[in-house]
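To start, the structure itself, in structure tokens.
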Ligand SMILES: [Zn+2]
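Structure representation (structure tokens):
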């Protein structure tokens with residue numbers, strides 16, 4: 215019946231509208247037709263009236279009632295709860311009197327590679343409903359790992375049929391690239407026209423079988439396999455591309471990442487600076503796939519606290535001359551900036567001294583010098599052992615600096631490839647020269663007390679992507 219009515223309307227319009235508009239109107243009718251005849255979420259919603267919610271750790275019944283805008287008593291009655299203080303995480307509660315959403319609602323963490331928009335497409339929720347269900351006021355508050363409440367079960371079959379729209383792509387070129395029908399794409403995404411702006415959007419691709427995840431173009435996948443964006447950690451980002459890419463770059467907390475081919479994927483080892491304030495920061499990827507198509511992706515990720523200690527240190531005030539400090543730090547930053555494409559290390563790093571771990575001071579400790587604010591931090595690990603103890607290269611590499619520095623004393627810097635460098639400060643003797651290839655376990659110097667040091671020790675540090683990171687992780691974890 216509906217179809218006949220629409221056909222009649224079309225006939226009527228034909229009499230009054232110019233040919234260009236007729237095409238547009240015909241398109242709109244196709245959209246309406248698809249929306250009506252393809253079984254949709256709203257059809258399921260009408261059939262299924264009850265709402266269930268999976269209780270999350272930390273939830274209280276009052277919070278749950280508030281979230282769904284229902285009466286607390288109605289909630290407890292519906293679930294036969296007599297003691298409102300007892301509600302266990304994982305329990306499934308019936309939510310009475312809610313008609314704006316249906317099904318089983320669960321909380322999930324937004325995966326890397328998904329955005330608010332891509333999830334909205336996946337679950338086929340319009341702006342308002344998505345905001346209401348998830349409790350999100352603005353998409354900009356959603357970062358990777360953010361807990362979103364979403365209906366489960368819906369859209370599961372569509373996970374494999376979405377695509378991010380390239381920066382210079384139109385709906386038509388996206389359809390051509392993905393082998394989908396532009397009219398069906400328009401209808402499935404409830405777009406109002408074929409030529410509207412879709413730049414940066416994520417679209418459902420009905421009738422295709424694209425393996426791509428979330429907001430990234432097929433067949434890209436992105437995963438954080440280590441570090442988890444924690445302050446001071448070496449974060450490992452792995453991009454799967456199902457083959458070779460022409461180009462891949464990206465940024466994390468404003469720092470350029472360097473991706474290198476490794477086995478069947480691309481890997482970047484990027485330090486998150488230990489003093490980065492916890493909170494949401496930008497993560498971007500940009501590249502060109504083997505077929506020449508370009509893409510851009512950006513998502514918020516959350517830098518987490520590394521829970522570092524703090525200490526007060528008294529030093530000769532002359533030591534706090536920032537001019538010397540800044541110049542020397544800039545010098546080291548410059549040496550550790552280049553990214554050598556060959557990975558020279560393999561397996562775990564060895565300890566840089568032969569002694570059992572005898573650590574005087576840990577990495578990342580916030581420092582107050584002579585009563586200052588805690589704006590300084592310890593950039594490495596201090597090993598004891600006394601003057602003359604061996605300093606050992608923890609992995610294969612190439613010496614890129616040796617010399618005498620005012621603060622760091624006799625210093626050596628080794629490049630291990632992939633933007634990973636190690637530094638050895640305050641040595642009494644240095645046995646290597648710039649250009650030397652060193653091997654794991656090789657004695658490269660002696661522990662000492664040179665530079666601004668208040669007792670013999672080896673200060674050892676590791677740089678990843680131009681940022682100092684927790685060296686200890688390199689002794690106990692495999693990178694990548
Ligand atoms: Zn130190």
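Numbering (the numbering used here), first residue to last: 215 to 694.
Glycine is no exception: its CB is placed at the ideal position from the N, C-alpha and C atoms.
Is residue i near ligand 1 - that is, is its Cβ less than 8 Å away from at least one heavy atom of it?
{"i": "residue 556", "result": "no"}
Among all the DSSP beta bridges, which residues are the ones paired with residue i?
{"i": "residue 291", "result": "Paired residue(s): none; residue 291 is not in a bridge."}
{"i": "residue 558", "result": "Beta-bridge pairing links residue 558 to no other residue."}
{"i": "residue 639", "result": "673"}
{"i": "residue 629", "result": "612, 635"}
{"i": "residue 309", "result": "265"}
{"i": "residue 400", "result": "According to DSSP, residue 400 bridges with nothing at all."}
{"i": "residue 695", "result": "The structure shown does not extend to residue 695, since the chain is modelled only from 215 to 694, so the question has no answer here."}
{"i": "residue 527", "result": "583"}
{"i": "residue 471", "result": "464"}
{"i": "residue 532", "result": "None, per the DSSP bridge assignment."}
{"i": "residue 445", "result": "Answer is none; residue 445 lacks a bridge partner."}
{"i": "residue 485", "result": "448"}
{"i": "residue 508", "result": "502"}
{"i": "residue 440", "result": "450"}
{"i": "residue 282", "result": "DSSP lists no partner for residue 282."}
{"i": "residue 358", "result": "515"}
{"i": "residue 623", "result": "619"}
{"i": "residue 552", "result": "Paired residues: none, contrary to the question."}
{"i": "residue 390", "result": "BP columns for residue 390 are empty, so no partner."}
Exposed or buried, residue i, counting other C-beta atoms within 10 Å across all chains shown (16 or more means buried)?
{"i": "residue 361", "result": "exposed"}
{"i": "residue 389", "result": "buried"}
{"i": "residue 626", "result": "buried"}
{"i": "residue 354", "result": "exposed"}
{"i": "residue 669", "result": "exposed"}
{"i": "residue 524", "result": "exposed"}
{"i": "residue 386", "result": "exposed"}
{"i": "residue 649", "result": "exposed"}
{"i": "residue 415", "result": "buried"}
{"i": "residue 688", "result": "buried"}
{"i": "residue 303", "result": "exposed"}
{"i": "residue 682", "result": "buried"}
{"i": "residue 547", "result": "exposed"}
{"i": "residue 287", "result": "exposed"}
{"i": "residue 219", "result": "Because the pLDDT at residue 219 is just 34, under 50, the model does not fix this residue reliably, and the point stays unresolved."}
{"i": "residue 261", "result": "Interpretation of residue 261 is limited by its pLDDT of 41, a score under 50 that renders its predicted location unreliable; the figure taken from the coordinates is listed afterwards. When all chains shown are included, residue 261 counts as exposed."}
{"i": "residue 556", "result": "exposed"}
{"i": "residue 246", "result": "Low local confidence applies: a pLDDT of 44 at residue 246 is under 50, so the model's placement there is unreliable, with the coordinate-based value given in what follows. It counts as exposed."}
{"i": "residue 431", "result": "buried"}
{"i": "residue 685", "result": "buried"}
{"i": "residue 398", "result": "buried"}
Could you tell me whether any non-hydrogen atom of ligand 3 is closer than 8 Å to the CB of residue i?
{"i": "residue 326", "result": "Within the structure as shown, ligand 3 is missing, the only ligands being ligand 1."}
Review point. So which residues touch the region around ligand 1, with touch meaning a C-beta under 6 Å from any heavy atom?
Key: 575, 592, 594, 596, 673
**Study point:** Any 3 or more C-beta pairs closer than 8 Å across the stretch 621 to 638 and the stretch 676 to 689
**Key:** Flag = yes, the stretch 621 to 638 and the stretch 676 to 689 touch.
Check your understanding: Per the contact definition of three or more C-beta pairs closer than 8 Å, is the stretch 443 to 461 in contact with the stretch 605 to 621?
Key -> Here the stretch 605 to 621 makes no contact with the stretch 443 to 461; the two share fewer than three CB pairs at distances below 8 Å.
Check your understanding: With a cut-off of 8 Å, do at least 3 Cβ pairs link the stretch 499 to 513 to the stretch 456 to 468?
Key -> yes
Check your understanding: So does the stretch 268 to 284 actually touch the stretch 311 to 323, counting three or more Cβ pairs closer than 8 Å?
Key -> yes
Practice item. Mind the definition here: the stretch 612 to 622 touches the stretch 648 to 662 only if three or more C-beta pairs lie below 8 Å; say whether that holds. Key: yes
**Study point:** the stretch 573 to 585 contacting the stretch 524 to 534, beta-carbon criterion three pairs below 8 Å
**Key:** yes
Review point. Should the stretch 536 to 550 be called in touch with the stretch 640 to 647, which here means at least 3 C-beta pairs below 8 Å?
Key: no
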